[in-house]
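Enquirer:
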Amino acid sequence: MTAPGALRHRFSHQTGVDLPDGMGGISRTYLTIDQLWGALETLSAEGDLSAEKRVGVLVHRITVRAPNTLQPGDRLVLGTRIFAVEAVSDPDNRGRFSRCRCREEQP
-2 MTAPGALRHR FSHQTGVDLP DGMGGISRTY LTIDQLWGAL ETLSAEGDLS AEKRVGVLVH
58 RITVRAPNTL QPGDRLVLGT RIFAVEAVSD PDNRGRFSRC RCREEQP
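Going left to right, the sequence shown walks through residues -2 to 104 as the numbering used here numbers them.
#1: Using the three-state DSSP reduction, which class does Ala3 fall into: helix, strand or coil?
#2: Out of Ala84, Ile59, Leu73, Arg100, state which residue places its alpha-carbon closest to the alpha-carbon of Ile30.
#3: Should the segment 36 to 44 be regarded as contacting the segment 62 to 72, the criterion being three or more beta carbon pairs within less than 8 Å?
#4: Does the distance from the C-beta atom of His57 to that of Gly35 stay below 8 Å?
#5: Out of curiosity, what's the CA-to-CA distance linking Ser130 and Gly76?
#6: Based on Cα-Cα distance, which residue from Val14, Gln103, Arg78 lies nearest to Arg25?
#7: Can you name the residues that DSSP bridges to Ala81?
#8: Find out if the Cβ-Cβ distance for the pair Leu37, Ile59 is shorter than 8 Å.
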């Protein structure tokens, strides 16, 4: 499935937590819950307009060792790069790896 040495990037697995902001609303913060070794593969690159500003959006496939608690809405962090997890699957249905489709926005 995965070549030796392919899982060479150490990702921080973060999950979102909504906290009251003191003014009647909520504020989303992210907590690191795990460190995962993974492989990073870029699938596509596209441009998008966000707040009247051009933003680059990269779509990646990140494969990590299972078991883990990854789910859509979480994020993986690698240094200063943030990958929003959109989907999680088990590529070989044997519970050995989790494959995530992630989006990374670049200014």
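We treat Cβ as the ideally placed atom computed from N, Cα and C, and that holds for glycine. Keep in mind that this is a model prediction, so the values were computed, not measured.
Expert: Concretely, from the data shown:
#1: coil
#2: Leu73
#3: no
#4: no
#5: The shown model of the chain, from -2 to 104, leaves out residue 130, and the question about it has no answer.
#6: The residue from Val14, Gln103, Arg78 with its alpha-carbon nearest to that of Arg25 is Val14.
#7: Arg72, Arg100
#8: yes
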